[in-house]
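Protein chains in written order, with UniProt numbering: chain C, 1 to 205; chain P, 1 to 205.
We treat Cβ as the ideally placed atom computed from N, Cα and C, and that holds for glycine.
None of these values were measured; they are calculated from a predicted model.
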DNA sequence: GCAAGCTATTGTCCATGTGTCAATAGGGTT
DNA sequence: AACCCTATTGACACATGGACAATAGCTTGC
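And the structure:
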């Protein structure tokens, strides 16, 4: 005989938030498969079935968490002064470093969490995040409206994005690079990519 | 009453290979969690338990597959002519592109398969592969014996490795970059990284 | 204040998947 | 041909995820 379970009835939105918060925490500190729905439910003080009810399933819940962390906040490329490209890029990089430094663990697990394996949904989120990031960079470089070789340009910037992530990881987890190192590297690399490599690729075709 | 199962008794090594081959195929075309041990066993004409017997478990089997695909073949940086760095790097990049083009699907799923989530073992393999790749690049650039700022150098090259993977993916799956584009981009980027960015980072400290 | 209805929440049932292990049988050896 | 070694099997235990009908908390109308 356990004491009668007392239920808390909440607004769906709020309940959703609570579960999401717990999920964020747990997925933040452990792997996808190492976290069970049961655990999330328990930690959230809720029946297991309810998690399914709100999110459809474990995967979808997880994806929701990842999405929220991965989409780069627009603030990174907002209100940039109208000065040189160097300056604008530099500021942009700085703001980026701020963001990942602040939400360190969460960000790390989110990207390290290209995890799960690639199904359509995961892929979709990753792609979406990459596109958003690419937009920000091009915006900072005032190259948003390039049309000749736009496809190639964006592809190269997306690839650069991967280097950016990897370098950030080197900084945050290994400590092999200092924040200053990162700033130099990331700024110079993207400038070189946009001003030298891109034209060279264009000229090649 | 099914006809009595006829067993095939093989040398452990050979059986291991057979199972591994099947696993390679299946993991190549589908996600980790979308492939069951049962399926692998069936496809290999073997009892499920045997897979566990040989590889310990699903994860270990998977890791074995990934390891074999991820460790960059030494051939990429072997027998490079003693000419300019540009030339050597160029050849190296070309060979690399050959490798991934050949084993396309497999390579894609292996890296997209930073999958599973990061446990110690997976991480280990990924790190190992990155180190090997880094060695090759430094060897091609004849910078293997740099000592001042070695840590930072290697970290930057590892980050570059991520861009290389991402760019390769852009080529193979999106087709947003041609092989020629890739060659230009990858060659120039790494040269810039080694000759301009690295010194700049050094100077900064 | 009370009853009734809406729906948030629960607990249970079922399916699938993995790991383990004792029992079985293939194939070489004496 | 009898025997032994071990590759191989099949069944069992256990964990986890998804589905769904039953239940109970809030709110609304009178």
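Closer than 7 Å to the CB of residue 152 of chain P there is at least one CB belonging to chain C.
Only those residues of the region 126 to 146 of chain P whose C-beta falls short of 8 Å from the nearest C-beta of chain C would be listed, and there are none. For the UniProt domain "HTH tetR-type" (13 to 73) of chain C, the set of residues with a beta-carbon nearer than 8 Å to any beta-carbon of chain P comprises 31, 32, 33 and 34, in chain order. Look at residue 91 of chain P here: in three-state DSSP terms it is helix.
Taking CB atoms only, residue 80 of chain C has no neighbour in chain P less than 7 Å away. In the three-state reduction of the DSSP assignment, residue 168 of chain P falls in the helix class. The three-state reading of DSSP puts residue 103 of chain C in coil, since its state is none of H, G, I, E or B. Residue 152 of chain P counts as buried, since at least 16 other C-beta atoms from the protein chains shown sit within 10 angstroms of its C-beta. A direct Cα-to-Cα measurement between residue 194 of chain C and residue 122 of chain C gives close to 29 Å. Scanning chain P for C-beta atoms nearer than 8 Å to the C-beta of residue 184 of chain C yields 197, 200, 201 and 204, reported in chain order. For residue 101 of chain C, there are no neighbours in chain P by C-beta distance under 7 Å, as the nearest C-beta there is about 17 Å away.
Residues of chain P with a Cβ closer than 9 Å to the Cβ of residue 177 of chain C are, in chain order, 151, 152, 155, 156, 159 and 201. For residue 194 of chain C, there is no enclosing alpha helix (DSSP H), as DSSP gives it neither H nor E. In the structure shown, residue 145 of chain C falls within a coil segment according to DSSP collapsed to helix, strand and coil.
Selection P/179, P/43, P/190 and P/97 evaluated against residue 185 of chain C yields P/190 as nearest (Cα-Cα). For residue 170 of chain C, the C-beta contacts it makes with chain P under 7 Å involve 155, 158 and 159, in order along the chain. Nearest to residue 169 of chain P by C-alpha distance, out of P/202, P/104, P/192 and P/46, is P/104. If you draw a straight line from the Cα of residue 25 of chain C to the Cα of residue 72 of chain P, it is about 36 Å long.
In this chain, the alpha helix (DSSP H) harbouring residue 19 of chain C covers 12 to 29. By the 16-neighbour rule on beta-carbons within 10 angstroms, residue 140 of chain C is buried. At a cut-off of 7 Å between C-beta atoms, residue 167 of chain P counts as an interface residue with respect to chain C. CA-to-CA, the gap between residue 203 of chain P and residue 19 of chain C works out to about 49 Å. The C-beta distance from residue 91 of chain C to residue 80 of chain C rounds to 6 Å, short enough to fall under 8 Å.
Listed by position along chain P, the residues whose Cβ is nearer than 9 Å to that of residue 181 of chain C are 152, 155, 156, 201, 204 and 205. Distances from the CA of residue 16 of chain P to each of P/136, P/101 and P/40 were compared; the closest alpha carbon is that of P/40.
Contact between residue 69 of chain C and residue 110 of chain C holds, with the beta-carbon distance rounding to 4 Å and staying under 8 Å.
The alpha-carbon of residue 133 of chain C is positioned some 8 Å away from that of residue 158 of chain C. Residues 40, 43 and 44 of the same chain have their beta carbon placed closer than 7 Å to that of residue 22 of chain C, with the five preceding and five following residues left out of the count. Residue 192 of chain P sits away from residue 183 of chain C, with the two beta carbons spaced by 7 Å or more.
Note that the C-beta distance between residue 161 of chain P and residue 130 of chain P is below 7 Å.
Secondary structure at residue 6 of chain C: coil, using DSSP grouped into helix, strand and coil.
For a Cβ distance threshold of 8 Å, residue set 155 of chain C lies close to residue 174 of chain P, ordered along the chain. Between residue 155 of chain P and residue 174 of chain C a beta carbon distance of about 7 Å is seen, short of the 8 Å cut, so the two are scored as contacting. For residue 189 of chain C, the neighbours in chain P by C-beta distance under 8 Å run, in chain order, 189, 192, 193 and 197.
Neighbours of residue 90 of chain C in chain P, taken as residues whose beta carbon is under 7 Å from its own, are absent, since the nearest beta carbon is some 13 Å off.
Residue 147 of chain P and residue 85 of chain P have their alpha carbons spaced roughly 19 Å apart.
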